[in-house]
Amino acid sequence: METTNKNTVTQTYPVLGMTCASCASSAGSIVTQQEGVVNASVNYATGNLKVEYLSNVTNSEKLRRAVQGAGYDLLIEEESKQQESLESIHKKKFKALKNKTIWAVILSLPVVIIGMFFMEMPYANEIMWLFSTPVVLWLGSDFFVNAWKQAKHGKANMDTLVALSTGIAYVFSVFNMLLADFWHQRGLDAHVYFEAAAVIIAFILLGKLLEEKAKGNTSSAINKLMGLQPKTVIVIQADGTEKQTPIEDVIEGNVILVKPGEKIAVDGMVVSGNSYVDESMLSGEPLPVLKNENEKVFAGTINQKGSFQFKALKVGKETMLSQIIKMVQDAQGSKAPVQKLVDKIAGIFVPVVMSIALLTFIVWMIFGGDNAIVQGLLAAVTVLVIACPCALGLATPTAIMVGVGKGAEQGILIKDAESLELAKKVNAIILDKTGTITEGRPQVTDIQWLHNDNSTKNILLSIEKQSEHPLAEAVVNYLAEVNPTTLSNFDSITGKGAKADYSNETYYVGNKTLLFENNISIPKELQQQADNWSKLSKTIIWFSDSKQALSVIAISDKIKETSVQAIKELQDMDIDLYMLTGDNEATAKAIAKQTGIKHYKAEVLPQHKAEFVKELQEQGKTVAMVGDGINDSTALATADVSIAMGKGSDIAMDVAKMTIISSDLTKIPQAIKLSKQTVATIKQNLFWAFIYNLIGIPIAAGILYPINGFLLNPMIAGAAMAMSSVSVVSNSLRLKWKK
Numbered sequence: 001m002e003t004t005n006k007n008t009v010t011q012t013y014p015v016l017g018m019t020c021a022s023c024a025s026s027a028g029s030i031v032t033q034q035e036g037v038v039n040a041s042v043n044y045a046t047g048n049l050k051v052e053y054l055s056n057v058t059n060s061e062k063l064r065r066a067v068q069g070a071g072y073d074l075l076i077e078e079e080s081k082q083q084e085s086l087e088s089i090h091k092k093k094f095k096a097l098k099n100k101t102i103w104a105v106i107l108s109l110p111v112v113i114i115g116m117f118f119m120e121m122p123y124a125n126e127i128m129w130l131f132s133t134p135v136v137l138w139l140g141s142d143f144f145v146n147a148w149k150q151a152k153h154g155k156a157n158m159d160t161l162v163a164l165s166t167g168i169a170y171v172f173s174v175f176n177m178l179l180a181d182f183w184h185q186r187g188l189d190a191h192v193y194f195e196a197a198a199v200i201i202a203f204i205l206l207g208k209l210l211e212e213k214a215k216g217n218t219s220s221a222i223n224k225l226m227g228l229q230p231k232t233v234i235v236i237q238a239d240g241t242e243k244q245t246p247i248e249d250v251i252e253g254n255v256i257l258v259k260p261g262e263k264i265a266v267d268g269m270v271v272s273g274n275s276y277v278d279e280s281m282l283s284g285e286p287l288p289v290l291k292n293e294n295e296k297v298f299a300g301t302i303n304q305k306g307s308f309q310f311k312a313l314k315v316g317k318e319t320m321l322s323q324i325i326k327m328v329q330d331a332q333g334s335k336a337p338v339q340k341l342v343d344k345i346a347g348i349f350v351p352v353v354m355s356i357a358l359l360t361f362i363v364w365m366i367f368g369g370d371n372a373i374v375q376g377l378l379a380a381v382t383v384l385v386i387a388c389p390c391a392l393g394l395a396t397p398t399a400i401m402v403g404v405g406k407g408a409e410q411g412i413l414i415k416d417a418e419s420l421e422l423a424k425k426v427n428a429i430i431l432d433k434t435g436t437i438t439e440g441r442p443q444v445t446d447i448q449w450l451h452n453d454n455s456t457k458n459i460l461l462s463i464e465k466q467s468e469h470p471l472a473e474a475v476v477n478y479l480a481e482v483n484p485t486t487l488s489n490f491d492s493i494t495g496k497g498a499k500a501d502y503s504n505e506t507y508y509v510g511n512k513t514l515l516f517e518n519n520i521s522i523p524k525e526l527q528q529q530a531d532n533w534s535k536l537s538k539t540i541i542w543f544s545d546s547k548q549a550l551s552v553i554a555i556s557d558k559i560k561e562t563s564v565q566a567i568k569e570l571q572d573m574d575i576d577l578y579m580l581t582g583d584n585e586a587t588a589k590a591i592a593k594q595t596g597i598k599h600y601k602a603e604v605l606p607q608h609k610a611e612f613v614k615e616l617q618e619q620g621k622t623v624a625m626v627g628d629g630i631n632d633s634t635a636l637a638t639a640d641v642s643i644a645m646g647k648g649s650d651i652a653m654d655v656a657k658m659t660i661i662s663s664d665l666t667k668i669p670q671a672i673k674l675s676k677q678t679v680a681t682i683k684q685n686l687f688w689a690f691i692y693n694l695i696g697i698p699i700a701a702g703i704l705y706p707i708n709g710f711l712l713n714p715m716i717a718g719a720a721m722a723m724s725s726v727s728v729v730s731n732s733l734r735l736k737w738k739k
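Following UniProt numbering, the numbering of the sequence shown begins with 1 at its first residue and continues without gaps.
Below, the structure is given as structure tokens:
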């Protein structure tokens, strides 16, 4: 909760019970109308209400009662418990929806089989009635409830369309089955539409299940970020004793002990000891940072092998980690609600179809002659049946499902339809450096020996195996085939390197300062090679005995083999590329030059990445963010299209809407091409769904009757409805074979 002035507070509450963007609009308008509310908005994408209200006029409980009156609910628990409750609610909802979908499919199958192939079998209508009744009245009850909620606010959506078509088809079928003579006496067939009612509900439930599954993934990113903070810490008391303390009880000024491998709990400053700390969640850089006295440490970062004490300076919501969590939440909530195209169409389509059905009945009543009421009723029902939302409802999800499946085959995991649709519009891509363009781990790229002597390689490997320095691992990996030897008097020299004795000689591994302090000479050819590598922003390590340098080693984060090709492909597609990195200016410049990227920024903090995304969006660009670390999560959540590298952090993958499993950048141009193909297929599907309704509804209403006496049989209307769905599905499947 935040206070905006003396009297108003701004609060965010999860809204429960929403099924579409229209629900979000209804819930938002209800809250806005309440006394004391300054402004309110509901975001359907995140399911949250953000409200500013006068605390002396209203409160959260009053707002909750108002929302409950409209058929929804507010979760007004404390923020710390909200996520837990939401996850529990989502799991229950998903489980219930899954069970409903499974049962709907199982019960619909015999109805479809009988309706299509065995209509003449004994008791066919009664058996179909038996199986379709629980599908419509029990498993599909939510559609009718939600349609009623919308109707109370004078609105219509996809639920209205489903409830209307399935309800009419079911009631009309029951009437025709029980009172078949009513039609037979008038020379008409008493056809039933149980299969249409059951199948529509089964299809739509399946779509909602997939949507609910995708929604459930959004909260896991926040949970994992919260999990970076330990639950308890060791606080050093005034008398020097250690006390295990819950994180909530830590206050500014507490001195906290951090042991090897532990996560740092709050922001603070080192007061004694030193260690290397993995700060990749903030900077994205793989190399741990040496922390000495009076240097800052941050919550969520991971201590390496050393131990130290630090004074807490920022706790709770003030820490850098809490700010990142808040930024990710705000970024996810700042996007405009995803008002599905079908819901928009349904808002207009439903009243139009109802009006046409009513008009059809009235016209038949006036001009229909002897059988005016019967023919008018039949024509009106046929209009409602033929206007079934099946083709309309399948148009987008079938194309998306095929597109997502095709993406998965190519190693591109796509979480939601929105990002797949938006990818085709991307004209600016921001690339993180470490782990995205580069491999994401330091490696030995070059090594030059004064004398290529195997025994010195054995000594170098043995020293680095005992060293705590983060670069030591790169050297150990490089010399994997060399056998280590036994050393004595090993000593780690903080910030400089390490030394050890072998056969009455002292050997050193570390930086240039270590060599100078021990009066060790550097041969000209090694120095020259080191200078050349330094110009390429590579990290230089020296290996020497007590007299002279024996070897110089270059270490850097290698550029992936496919990065240069991918960057060229994206530039050829007229997409502006930007590289953002927490690394220094020299390294950023060298990587940009080697890959052909024209725009780059160095020493960038997580919040600055998100700000840069917003800058580009304000310029009217559709922005894709590509990253792999926790430090990229805010920018990923802010971008229009977010893409994570599969070998990166779980949090980045949770926040991102696309994941490149192989971490190969060449998959991004493929994803953009796939997006263009999928959107084209969706448009074709919607075109066919509309053409079907445009032609079918007037014929169902009886427009041809005055001309040639043709009146569409509701049974043929049901078949035409099925054919429209088949055409949409078939067109979507064509996407599979496109290159």
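Even glycine gets a Cβ: it sits at the ideal position worked out from N, Cα and C.
Buried versus exposed, by CB contacts within 10 Å (16 or more), residue i
i, result
"residue 148", "exposed"
"residue 90", "buried"
"residue 488", "exposed"
"residue 533", "buried"
"residue 375", "buried"
"residue 150", "buried"
"residue 296", "exposed"
"residue 8", "buried"
"residue 3", "Low confidence applies to residue 3: its pLDDT is 46, below 50, so where it sits in the model is not reliable, and the reading given next is rough at best. Its Cβ having fewer than 16 others within 10 Å, residue 3 is exposed."
"residue 730", "exposed"
"residue 704", "exposed"
Inter-residue spacing [alpha-carbon to alpha-carbon] between residue i and residue j
i, j, result
"residue 694", "residue 320", "57 angstroms"
"residue 479", "residue 647", "24 angstroms"
"residue 240", "residue 248", "21 angstroms"
"residue 484", "residue 660", "39 angstroms"
"residue 70", "residue 26", "8 angstroms"
"residue 306", "residue 276", "7 angstroms"
"residue 408", "residue 440", "24 angstroms"
"residue 61", "residue 435", "47 angstroms"
"residue 206", "residue 99", "11 angstroms"
"residue 176", "residue 154", "32 angstroms"
"residue 739", "residue 678", "12 angstroms"
"residue 358", "residue 351", "10 angstroms"
"residue 152", "residue 360", "25 angstroms"
"residue 633", "residue 56", "38 angstroms"
"residue 112", "residue 127", "11 angstroms"
"residue 571", "residue 655", "26 angstroms"
"residue 547", "residue 505", "10 angstroms"
"residue 490", "residue 498", "7 angstroms"
"residue 590", "residue 578", "14 angstroms"
"residue 495", "residue 270", "16 angstroms"
Beta-carbon proximity list for residue i, same chain, < 6 angstroms, skipping 5 on both sides
i, result
"residue 334", "Because the pLDDT at residue 334 is just 45, under 50, the model does not fix this residue reliably, and the value given afterwards should be weighed accordingly. Closer than 6 angstroms at Cβ, skipping near neighbours: no residue."
"residue 726", "none"
"residue 262", "303"
"residue 125", "177, 192"
"residue 462", "484, 485, 487"
"residue 609", "580, 635"
Contact belief for residue i with residue j at Cβ below 8 angstroms, rounded distance in angstroms
i, j, result
"residue 313", "residue 267", "5 angstroms"
"residue 567", "residue 596", "6 angstroms"
"residue 301", "residue 264", "5 angstroms"
"residue 24", "residue 31", "Wrong, their Cβ atoms sit about 11 angstroms apart, outside the cutoff."
"residue 103", "residue 139", "6 angstroms"
"residue 309", "residue 273", "6 angstroms"
"residue 700", "residue 398", "Not a contact, Cβ separation roughly 24 angstroms."
"residue 644", "residue 412", "The Cβ separation is near 11 angstroms, so there is no contact."
Cut-off 8 angstroms between Cβ atoms - residues of its own chain near residue i, not counting five sequence neighbours on either side
i, result
"residue 743", "Absent from the model: residue 743. The displayed extent of the chain is 1 to 739, so no value can be given."
"residue 114", "121, 124, 127, 128, 195"
"residue 467", "492, 497, 498, 509"
Spatial neighbours of residue i in its chain, beta-carbon cut-off 7 angstroms, leaving aside the 5 residues before and after
i, result
"residue 163", "143, 144, 147"
"residue 105", "202"
"residue 515", "508, 522, 542, 544, 549"
Q | Unbroken stretches of the beta strand (DSSP E), 3 residues or longer, contained in the UniProt domain "HMA" (9 to 75) | A | 37 to 43, 48 to 54
Q) Taking the runs of the alpha helix (DSSP H) that are 4 residues or longer, which of them lie wholly in the stretch 551 to 606? A) 563 to 572, 585 to 595
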